[in-house]
Each structure stands twice: as structure tokens, then as C-alpha cells.
Amino acid sequence: MEGIEIVVPLDVPREERERFLDNSRALTGGKGRVMLFAGDQKVEHLNDDFHGEGIAPDDGDPEHLFRIASRGRIGAFATQLGLIARYAMDYPDVPYVVKLNSKTNLVKLNQAEPLSRQWVAVDQVARLRDANNIRVLGVGYTVYLGSEHEAIMLGEAAQIVHRAHGFGLPVILWMYPRGRAVADERDPHTIAGAAGVAACLGSDFAKVNYPSGPDAQERFREAIRAAGRTGVICSGGGRMEVSPFLERLHEQIAAGALGSATGRNIHQRPLDQAVRFCNAVYAVTVEGASVQDAMERYWEGPGT
Amino acid sequence: MEGIEIVVPLDVPREERERFLDNSRALTGGKGRVMLFAGDQKVEHLNDDFHGEGIAPDDGDPEHLFRIASRGRIGAFATQLGLIARYAMDYPDVPYVVKLNSKTNLVKLNQAEPLSRQWVAVDQVARLRDANNIRVLGVGYTVYLGSEHEAIMLGEAAQIVHRAHGFGLPVILWMYPRGRAVADERDPHTIAGAAGVAACLGSDFAKVNYPSGPDAQERFREAIRAAGRTGVICSGGGRMEVSPFLERLHEQIAAGALGSATGRNIHQRPLDQAVRFCNAVYAVTVEGASVQDAMERYWEGPGT
Amino acid sequence: MEGIEIVVPLDVPREERERFLDNSRALTGGKGRVMLFAGDQKVEHLNDDFHGEGIAPDDGDPEHLFRIASRGRIGAFATQLGLIARYAMDYPDVPYVVKLNSKTNLVKLNQAEPLSRQWVAVDQVARLRDANNIRVLGVGYTVYLGSEHEAIMLGEAAQIVHRAHGFGLPVILWMYPRGRAVADERDPHTIAGAAGVAACLGSDFAKVNYPSGPDAQERFREAIRAAGRTGVICSGGGRMEVSPFLERLHEQIAAGALGSATGRNIHQRPLDQAVRFCNAVYAVTVEGASVQDAMERYWEGPGT
Amino acid sequence: MEGIEIVVPLDVPREERERFLDNSRALTGGKGRVMLFAGDQKVEHLNDDFHGEGIAPDDGDPEHLFRIASRGRIGAFATQLGLIARYAMDYPDVPYVVKLNSKTNLVKLNQAEPLSRQWVAVDQVARLRDANNIRVLGVGYTVYLGSEHEAIMLGEAAQIVHRAHGFGLPVILWMYPRGRAVADERDPHTIAGAAGVAACLGSDFAKVNYPSGPDAQERFREAIRAAGRTGVICSGGGRMEVSPFLERLHEQIAAGALGSATGRNIHQRPLDQAVRFCNAVYAVTVEGASVQDAMERYWEGPGT
Amino acid sequence: MEGIEIVVPLDVPREERERFLDNSRALTGGKGRVMLFAGDQKVEHLNDDFHGEGIAPDDGDPEHLFRIASRGRIGAFATQLGLIARYAMDYPDVPYVVKLNSKTNLVKLNQAEPLSRQWVAVDQVARLRDANNIRVLGVGYTVYLGSEHEAIMLGEAAQIVHRAHGFGLPVILWMYPRGRAVADERDPHTIAGAAGVAACLGSDFAKVNYPSGPDAQERFREAIRAAGRTGVICSGGGRMEVSPFLERLHEQIAAGALGSATGRNIHQRPLDQAVRFCNAVYAVTVEGASVQDAMERYWEGPGT
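Chains A, B, U, F and G, in that order, are what the protein sequence lines are. All residue numbers for the first sequence refer to this note's numbering, where the first residue is 1 and numbers rise by one. All residue numbers for the second sequence refer to this note's numbering, where the first residue is 1001 and numbers rise by one. All residue numbers for the third sequence refer to this note's numbering, where the first residue is 2001 and numbers rise by one. All residue numbers for the fourth sequence refer to this note's numbering, where the first residue is 3001 and numbers rise by one. All residue numbers for the fifth sequence refer to this note's numbering, where the first residue is 4001 and numbers rise by one.
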């Protein structure tokens, strides 16, 4: 599998082109596909994903995420700036994607339309990066399409893309159709629409849910095409067993996904297992490994 | 058919007059009428216009739009800045109108009043243009008159016109009466009102829906008069056959429309057909061709 | 009838006093009373006032307004900046009041509370004036008192007065009690209250509706007293015959009104008639002519 | 009765301390207690307080307020900046408190929660003061505690205090519990709470309603204690006879109130009477006069 | 019990590191645990906590809080800037945490969703500190998670943390799940979630409610783990007797709490008792004293 040529968008200024390319290559292992270790759930799901039955006790402490990120093979670890600011000095090699907005899961969809607003500005992220020499490879932001507050999030997303590119930072948009107006969040056609919106916002990657159903792979191709030069990343979703997870992932990559975002399936495991799982996910996502190869790496353990 | 003298509005500063005139002439082929290839539907209609029955497979990929725009004769291709930033380096000759706001079609009118807010600032567009030497000829913005959020969009539109003119950029406002208060979006008198509002906002062009009904042409003249020195552009609307489409277009131009905006009727066709259709639309819109002449061009094909 | 001494408010800086005085004198013909040709209805009433039964065909084109304003005697022509920016180069002698906000009439009072927000900033108006040497004599803004959005408009109005004075520009506030909370928009006591609010906002003039009823004149004096040093201008309202219109106007001026604002009653007539009507209105408003004298001027025609 | 030492709050910068002290002394006659002539009702109550049965005809003209303020003894005349800007040149000796927000009384509490927003910025007031050498001794602002919009007003109030102190200007906050959540606006415990909030906002004075009921004085002391170093000022409320008014005022001062704010009870009288009433109120409020002494001054007339 | 190493977050600029460390050490007595004397209730609870049955009369005057803070042993006294600005000149040794937002308790949860907005900016606090040499050791802010207005408060909190760190100021976030969506504000799992959100916001400390129920201590550990390097502080809650209060506090500290926040239990007592209670709380919180030792200190009295 070849490296994919990176198109530097025109809102990256000349003097930031090299940095943008470096960040993009680092994010995608030089192969064009990003393996995102998603760790923004401490806000999005409160402590539900970190404590309880079937969750390794390790996961109760946020440092677990940094330990995994520093030992496993990942494209980047996506989390909030506040957490990075308090741990990154001890994990100098971890590559980060700063998630710029988050909301809790307390207010349900039947109570109010979803709204998640920007917490920190892109230039604040860039200054933190420059002052501390930490590896911030990009920024992320969630857009709830179909929410009555959609206009707020579309506006913030457009500005984030524009400004992030100004600092040489690629952007990943979490594109989630959600709200009273959205009958089925996993409808492939709606997902394709969401991927297309990310492209119009100028995002480098669009993180979407993988469709459900028997012809998921086929139907998912609509989204990949709709996104054009914006890479589509599949959300990992809820907890699954290793083998079916990797099989689904392989199917997504085979369909043309330019990455995967895995959270709970990694961090809910004990450290060693989590690291090995990371590596397996990385192998399939970035290196184009078969499921069998990836399973072997999972069982072999982290190595070195 | 003669070239029409361009009135440079007073909010164009002296040092930008030449650029404004150049942009206006380029936009209108020196004839005063703009043939707009409208391509903002990837947000406005999600993937509905790009995938499905009766839509050419080519259209699933956003690059299809750029391919058409670079091979067909157009006044400008209107789309979001994010998409332009990711493709324009490969399509250096395409003239663009940057659509500054967009909303999805998920929230229906019976759920909430329409609101579409600005994504990027005019000066960000101008800087992108200047840094990359791309052919941005103008900017566009949608106003939903009659929405309870009308005040927000009127305010943004007024500022966009003022600032765009400050950078030598003509403006096209999509003027759509929409919301609970609007009984009939295609009522000619309401459309005329919308065109008049665009004039009061200082817009160079107002894109409106063409009225329905037998005496459409006659009734449409109300809008053209109401707009005064602001040119009225007719929306292309849903998919039609080539010949009736061109006939309606000819009727609109004959009524005094200063342009047409065509989206789905162009891009839902395979590339070659789409390009030929573009050329036919251009012939009628800009060059004042008869329907028969335009049909001939359509059948002849693009040529060089 | 004597010239009335102009009180320059303290928020006019020393270096702008002369300009403020010049503008005030020009606006009021040196007599202290302003004859405002109100032409913001293309937004406020869409095309209802410009097309239809009983409206001269001339009125369908916005240039009709400029033609009247340039040939008739007026204190100033009040309209939106966008329209001025596109016509004023051809009408260099017309004095303007820039109307800074406007809303359409689509959303009715039983649907939502009225809200009209500022379109352009005072400094943008001042720069346009200075760059083009056009005769902007003042700015205008509508406040819907009693709307649930009142706080927004009171705040914008206060800032507009303060800033307009900073550029030597007098201000006319359209003071309209409107909304669910307002039982009777033409209640003289409420109108007096509205006039008093304009005074507290520091406005130079308050445009209000003239009360209805037999003792209108007497009751109107409450408003004139409440406004103090802020001049009260009467809205012209809907279409009337020439003679009763001028009689009512004379009654208003006799009651102490410091001006009149006439829109539809002027521009719905053919150009020549409209110009003569302007002159009649000017005669009564500014020059203190009797109704008979004014009627004579109306029949004599514009002359030079 | 002794002069009370003024505590200069720490947000008054060193270079503004003398001015703050001068303003405070002038405001309180060097005695620590402020006699506020409250004249913001032209917005708050529209023309209800200025025209009608039992109201002197003088009061219909806003200049009546300035005439009283210039002839009577007052701590300061509180009104909106717009009015000051139009009259203060003729009343150079009047001390002012600029009321920075106001709302009308049209929207009732059963329709919508009360909201009053800032009209002019503190630095605009300070510049007006400095450019014209007028005696602005402080600024005022109303907070409706218990309104659903409370957060907006608390934020504006906190910023106003901070910035006013930065320009050497003391602040008076009108602290009114109001809204659906407030069962009894004159509940002494709630009033005490409101006084305490003013203290936490850093205000110099808190204007509150005096409790009703037989043990009002005793219960009012809770508010005075709760306010700490922030002085409590009693609102004058609706029209009363001279003698009971002064008796209640004396009771308030005896309870520890650091001032009174009287509006309607002053300005609804004819000029001479109003001035004498002012002086009587001043005597009780600032000079600690007995009711009998004050009544004598009222009957004696203004004198010099 | 050892001093705990302080992790300086990466958003503290190099030149503010020493100050941040000094502030952190002062705040925690060099032991890593903060004893917060919480005094923001004059807004949060109006005068309910300061006047009434079972409350010492001393408490009616806000200066009582400063007297306690200056004589008792505390980590910091948390209150609004306005109060500090008016008393701190007389209490130069008191260490402060400036509470940046507050709301009243008038609007109940069944009426509207809770919203508390920022009153003063961090840089205003820092300037006040620097100009007056007062001991501001940090800032505080309340976030109501689960409120429909959550997005506003999350955004303000994130900015406050980022900016406070920029001025060398540690941050304490009051993390309260509250609103229609929150079934049980004291559910340990939800509290743990709230503590985790504070960590993601980058806060130094998270003030939460201590869970109720028999296995509170055990369940509370979930929150402490979830907060990671962000210290968890327990709210003191309603009035209790000395001994059970200290026992519960000891249990909290033993569970790993990095501090306590006590308000009513301190200031509702007469000064001497309040000071002794402070010292007992300090002993348990910061010095790791046993309940018995702390009780002894309480009975012994403050001493010098």
C-alpha cells in the first residue's frame, strides 16, 4: 500500500505548508490514513465509559489514556486541551489532536436540541504547542447536523478549519446528524450528506458513524465519494470483541475509509491489552494489515 | 445584444473600482448577465442531489463540480470556501463565487424557522484569493425573508455587501421568502418584494425563484423592476428536460432577468453532457441565444 | 416664521459642531422643521407600496424615489444605505438620511414580537459620506417599544445616537409602540411616552404616529411636550387625498410638530405629481404655509 | 451628624482616587448620605408619571426636571445620558448620575421576564464628562434579581462597577427583585438579599424598596447590615403627602439608610413646590434634620 | 503526611511558573490540600445563610467573613471581587480566591434551567491584584453540568482556566450537575463524571458535593480517580454539629479529597467560634489531623 499524496488546502499559508505536511504525514503514518485514539468521552459520556462492569479498573484514572497513547501505536490521541495541559509534560512523545468542543450526555435528545460549543481558540492551542514543544498534530470539533443549533456549530467549524490551517494544523470534524429532525443517525445517505458537509467546511477528515445493515460497506462508499478529498474516518462505537471489531474495521478500510477512531474499545481494557489492541487497530487502519495479521499482533503483545 | 454599463456602487473604494469592474465583467461575460453554476447543495440538500435515481454516478464526487466548472462556459461556480480551498489548485481557471452561508435541509419548516449564518468573513475570502491568486469574482449569501430569524440574516447580508465591495467583490444574495409566515414562496409579489430588499441591502444581484403559473413572465417583471439596478437572477430549481429548461430560461432572460443560477440540472448529468448543458445555458443567459441555437450547442458538444 | 435655534447636544465633539449645525440646518431648511421623504418601505412593506392598484407604475422602480428626491423640495430622503450606494452618484444633490435598520412585514404581530436590527454601523455611513462627498445629513433607526426584544433596540438606538453625534450626524428615531403588550399603537399617551423615550435616548427627532380621534391635535401636544428638545415628526401613514392630507399635516405642524415624514403619499404618484406633492408638503412643514397656499403650489407644479 | 469616612474601593486606580473621593463627597454632601433626585421614569414609566390627574402641568416637559435639579438641593439628578446631553449645557451646576439602562413598562410581568440592558458604556460617559466639563458624579444601573435574564444584568452590573471605578465614578445599583420567581418584591428578607448582592457586585450604593408593614424599620435593618460597606438608598415610591413622606424618610434614615431616591414625589409638583420639597428631602436625608425642621423648610420655600 | 508535588500545567507560561507554584503552595499550605473558606453565598443564597434562626447575629454583616478569614487558618477565602475590593484594604493578609460567577437562588429549577455567567474577566482580577498587592491566590467558577445552558458555562470555564493559568492563578471549578436532566445531584457516578469534566477543562481543583449513603467514602473514590491530577474538594453543605462535621470531613480526606470548602458551617457561628472552627477544619484538611486532635483545637480556641 502506497503513501497517498497530501493535498495542502489553499487556506494553509505558504509559511505553514511544511508544518501542515509534516503534521498530516505524522497523523497518517505517511500512508494517508489516520488511526485516532479517541479520548474525549470523559465529557461526552461523563464517567460512564471509565467505570463500571466490564471496564478495567485502570480506566478510572485519566492517566490510563496517556499511558496507552504513549506505548501503543497511534496516529494521534484526541482529547481536550485541559487534560493535555496537565499530562503532556510526562508524555512528550504522544501525538495529540485537540478536541475543541464537548458536551455532556446529561440532557437527552427528547429534552433539548444538541449543542456543543468551542472551548478554546485555535490560536490558544497553537501557542500552547509552540511554548511547550508538544506534538499537537491537529484539532477536532463536533458538528451536530440537524440540530436546531446547527448554525452555531457550522459557523464555529468553518472558522476552526480556516484558522487551524492558518497554523499548519489539519482538522478532523466529528460529523453527527442528531436532533429531533434526524430519524436515523446511521442512515447511510444521511451519513454521506454529513461527510459532504465536512468537505464543504474544508475539513481534512470527517469522522462519521459506520452504517448498520448487511450492505453497510457498499452503502458506506456513498459517504466516501461524497467527502471527495476529505478523508472519512469511522467511529469505533460501543464495546465489541477483538476479532469482530477488527473485521468490521478491515471492511471499513477496504471500503475506502481513510482512518478509524477508536475509544472505548481501547481504553476500557487493562493497559497491556489496550496497547496491544491499539497496535492491531493501527495495523489494519494505517498499514493495511489483514485481520489475521492484526490478530497476531494483538496476541503477540506490544513488542520492543 | 450590447454590453451593459456597470454601475460601481459607492461603497467600492476608489482603489478597488477597477477590480470590481473586472470582476463584474468576468462574472457577466461583459454582457451584464451572469450565468451562475450553483454548487452549494452539498450542504443545502446534503447528498440528495448527488446520489440516487436519475443522477449520474459522476455526481457523487464533489470534483465532478470542478470538472464541469473548468470545462463548461460559466460566469462563476458558486460553492463553499472549504471546497474551493481543497480543489482550486487543480482548477486554476475556474471563476468562483464564494457562498458564505449554508444550512442543511434536516430541520423542516414545520419544526423551526430557517436560519443560515455566515461561515467565513469576507476578508478571509479576500486573503485566500490574494494569497493563492485564485479567481474569486464575488461572494454569495442566503437571506430567508419572513423567518423569525430574519433580523440576523439581514444584518449579516448588509455587512457582507459593504465589506465585499470594500474588497472589489460583487455580491449575489439568494433572496428566499421562507418560514411559517410565508404562505407561498413563489408568489410573484412576494418575490418582487424580496428582490427589492436585495436592492436595499446594496446587493449586485438577487437570486430569486421564478414565479409559477401561466403569466409567470409578466408577473416576474414586477421583481425585475423592484430590484432596480440590482440584477435579478433566476434559480434553476429541480431537474427538468433540456428543452423545456432552456425555454423557461429564455423566457426569464426575455423578461429581463440579468442571469441564471443552475445547479442540479447541470451537475446531475454525466460530465460531457453537463458541460454541454452548461454551454447551452451560457448561450441563452449571457449571449442572448435563442433556444434553438442553444439546443444546437448542447447537441454539438463542448468543442474546444 | 423664524429659524429655530439649534441646540447642539453635548455628545457632538467640538470639531464636529459646525458639521452638525450645517446638517441640522440643511435638514430643516433653516427653520427647525424637517420634511422627511420616507423611502424605507421597500423592506418594511416589501413591494406592497410600490406595485398594485392605485399606485403609479413609475413607483415600481426604486429610481422613482431618487427622481422625486432630486426634483422635489425635501429636507431629506430616508432610505437604506445599499440603495443610496447604487444611485447617489447620479443624484449628487439629494440630501439623505440613512435608515440603519429595517425588517419585512412578513412575520405578523400574532406570530412573533417585532425585532429590527442595525444593518450598518454609523462609522461605515460616515466613511461612505466622506469618500464620495454625498449629502448624508443624518441617520435613522426604528425602535419597537413594548416588543419583548425592546432591550436590543433601545441599546442599538442609544449607541447610534452617541456615535452619529460623534460624526456630526443628527438622528431621527422611528418610535413605534408595537407588540403583544401594546393594545393601541395610536394611543396618544403611549405615543407621548414613546416621544419621551426618544428624548432620553438623546435623539434629535422622534418620528411617531399621529393620534387618531377628534381631539387628536390637543392630545398630540402631550407628545410634543414629553419630547422636550427632541423634535417630534409625524408619520404620514397610508394613502390620502391631497387636500385632507395637507390639512392634517397643517394641524400637526400647528400643534408643534417639528416635521413630517411622508412616503407612500408621495411616491405612489407619478413623478410630476409626486414632485408637486413634495413641494406642497415642504411648504406646510418647513415654511409654515397655509393649506391653501400649499394646494396652490401643488396645482402650479414644480417649476424651478 | 458627622462626615462618614469614605472607603475607596480597590478597583479605583491610584490616579482616580482623588476624583472618586471628590465625587463621593459631592454626591453625599460630605455626610455620607446621598439625596438622589431620580428622573429616569420617562423610560421606565413612559409618560405616566409626567402627565395626568394630580400631576402639575410643568412636569410634562423634561426641562422641568433640570429646573428642579438646578434650583433645589440635591445630591445628584439621575437620568439617561441622552437627556443630559441635550440640557446640561444650560444647567452647568447640576450634579448628575447617569442611568445606564432603562426599559419601558409596556411588557408586563405576566408576559415576559424583565430585562433591562446597558445603553451606553462607562467610557462614553466619562468622555462626555471630560469633553464638556459637566458634573457627572456617578453612574446607575438596574438589576432585576430573580428574572430569568438575571445573568445578563448581573454581568453588566459587575462590569459597570469595575469600569466606573476605573474612571473615578461611584456606582448606584437599583436592586429590584422582580419576575415570576419573586412572590413579594417588598419582602424585607429578599430586599436584604438584594442589598447583599449589590455589595458583592462592588457597588457603592444599592437602591432598594423600603419594606412594608408595621415593623418596617426594624426589618429594614437586615438590609443595611447585609449591604456592609455598600450604602443602602430607599426608593421614594408612589406619590404621598409631604408630611407622611418625610416621616417615612426620617424613619429610613434613622434605620441607617445612607440615602434616598425621590422622583415622582418631587417632579409631579409645580416647580416652586418641587424645589422646596427637594430641600426638605435633602435636609432629612443628608443633614439629619427632624421632620419638623424639614417641614419648616418646605413651607419657607427655597430661598438661597 | 508529605507535601505533594505540584504539577504546573502547560498553559502556565514560563514567566508565571514561580507565581503559580507560590500560589498553589499558599493555597494548600504546602501540603497539596486546600482549605477553602467559601463565602459566595450572599449571591447564591441571598441573605438566607446570614440572617435567621440559628445564625449568629455577627453573620448579618459581610465584614464578619473577612474577620474570620483574617483570624482563622484558611487556604483561601472565596468570594466575589466586589466584596474584596471594598474590604481587602483592611485585611491585607487574607488569601483570596475570586469567585467569577454567581447567580441568586430566586429562580427555581422547576422554572428555568440554571445559568450563572462570568462577572469579571481574569485579567481584571490580575490587574486588581497587581495594583493593590492583595493576595489573590486563584479564581473560581461554577459550572452547572446538565443544564440546557451548559455550553455557555463550559465555554466560559475553559477560557477562565486558560487565562487564569496565563496569570499564574490556579483555578477551582464548582462542578454541580443541575437541571431538569439531573435526577440526583448527589449520585456518586454523576459526581465522578463532573470531576472528570473539570479535569478535561484543565482545572486545578474541582469542588463537588460529597455523595450521600452508607458507602459514600468508597463511592467517592470514583470521583477522585476520575479527576486524575485535578484535586477534588468537597463542599461543606448545610449546617451540622462540630463533631459529625469533622468526622465526615476526615472521611473525605481519608478517601483522597484534596481539600474542603466550608461556608455556612463556619460563618454562621459567632466570630470566636467561627475562627476556632476554621482552625479545626484546617487541621483535618491540610495537616491531616485526627478528628480528636481537631476537636481539641476547636475547644482550645484560636490563640495566637
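Glycine included, each C-beta is placed from N, C-alpha and C at the ideal position. Small disclaimer: the values here were computed from a predicted structure and weren't measured.
Residues of chain U with a Cβ closer than 8 Å to the Cβ of S1203 of chain B are, in chain order, G2082. Taking a C-beta distance under 8 Å as the contact criterion, K4042 of chain G and A3181 of chain F do not qualify as a contact pair. If you check the CB distance, R1178 of chain B and P1114 of chain B come in under 8 Å. Taking A2254 of chain U as reference, the option from U:A2280, U:G2029, U:T2285 with the minimal CA-CA separation is U:T2285. With a threshold of 16 other beta carbon atoms within 10 Å, P214 of chain A falls short and is exposed.
Along the region 2118-2147 of chain U, the positions whose C-beta sits under 8 Å from a C-beta of chain B are Q2118, W2119, V2120, Q2124, L2128, A2131, N2132, I2134, read in chain order. A Cβ-Cβ separation of about 15 Å leaves V4161 of chain G out of contact with G4196 of chain G under the 8 Å criterion. Taking 9 Å as the upper bound on Cβ-Cβ separation, chain G lies near no residue of the region 3048-3059 of chain F. By DSSP's assignment, P1177 of chain B forms a beta bridge with B:L1145. In the three-state reduction of the DSSP assignment, M4035 of chain G falls in the strand class, which pools E and B. Residues of the region 1026-1043 of chain B with a C-beta less than 7 Å from any C-beta of chain A: K1042, V1043, listed in chain order. Of the residues F:V3098, F:A3056, F:R3086, F:E3053, the one whose Cα lies closest to the Cα of G3075 of chain F is F:V3098. Taking the Cα of A2226 of chain U as reference, the smallest distance to any Cα among U:T2190, U:P2244, U:W2299 is reached at U:T2190. A distance of 8 Å or more separates the beta carbons of L1249 of chain B and A1206 of chain B. If only complete runs of 3 or more residues are kept, the region 4185-4242 of chain G shows the beta strand (DSSP E) at 4205-4208, 4231-4235, in order along the chain. Across the set A:T104, A:M175, A:H165, A:Q118, the C-alpha of A:H165 shows the shortest separation from the C-alpha of L21 of chain A.
Within the region 3062-3127 of chain F, the complete beta strand (DSSP E) segments of 3 residues or longer fall at 3076-3080, 3095-3099, listed in chain order. Shown here, G4140 of chain G sits in a strand according to DSSP, grouped into three states. Assigned with DSSP and collapsed to three states, A56 of chain A falls in coil, not helix or strand. With a beta-carbon spacing of about 41 Å, G3030 of chain F and E2222 of chain U fall beyond the 8 Å limit used to define contacts.
Scanning chain G for C-beta atoms nearer than 9 Å to the C-beta of E3150 of chain F yields K4103, T4104, L4106, V4107, L4115, reported in chain order. Between the region 4060-4072 of chain G and the region 3233-3244 of chain F, the count of Cβ pairs shorter than 8 Å is below three; the stretches do not touch. Between V3098 of chain F and chain G, the shortest Cβ-Cβ separation is not below 8 Å.
Against Q4217 of chain G, chain F offers no close residue; the least beta-carbon distance is about 35 Å (beta-carbon pairs closer than 8 Å). Chain-order list of chain F residues neighbouring R4086 of chain G: V3007, P3009, L3010, A3199, G3202, G3228, R3229, T3230, by C-beta distance under 8 Å. Of A:N23, A:E18, A:R14, the smallest CA-CA separation from V171 of chain A is found for A:N23. For N132 of chain A, the closest of G:D4058, G:E4015, G:A4261 by C-alpha to C-alpha distance is G:E4015. Measuring C-alpha to C-alpha distances from A4192 of chain G to each of A:A192, A:E5, A:A280, A:D48 identifies A:D48 as the nearest. Taking a 10 Å sphere around the C-beta of S290 of chain A, we find fewer than 16 other C-beta atoms and assign the residue as exposed. The alpha carbon of A1112 of chain B has as its nearest neighbour, out of A:W119, A:Q111, A:A121, A:G146, the alpha carbon of A:G146.
The three-state reading of DSSP puts R1269 of chain B in coil, since its state is none of H, G, I, E or B.
The way I'd put it, the region 1088-1103 of chain B does touch the region 1137-1146 of chain B; three or more beta-carbon pairs between them come closer than 8 Å.
In its chain, beyond the 5 residues on either side, H64, P270, L271 have a beta carbon closer than 7 Å to the beta carbon of D58 of chain A. Collapsing the DSSP output to three states places R2135 of chain U in coil.
In this model, Y282 of chain A and G4228 of chain G are separated by some 27 Å (Cα to Cα). For S1024 of chain B, the three-state secondary structure derived from DSSP is helix.
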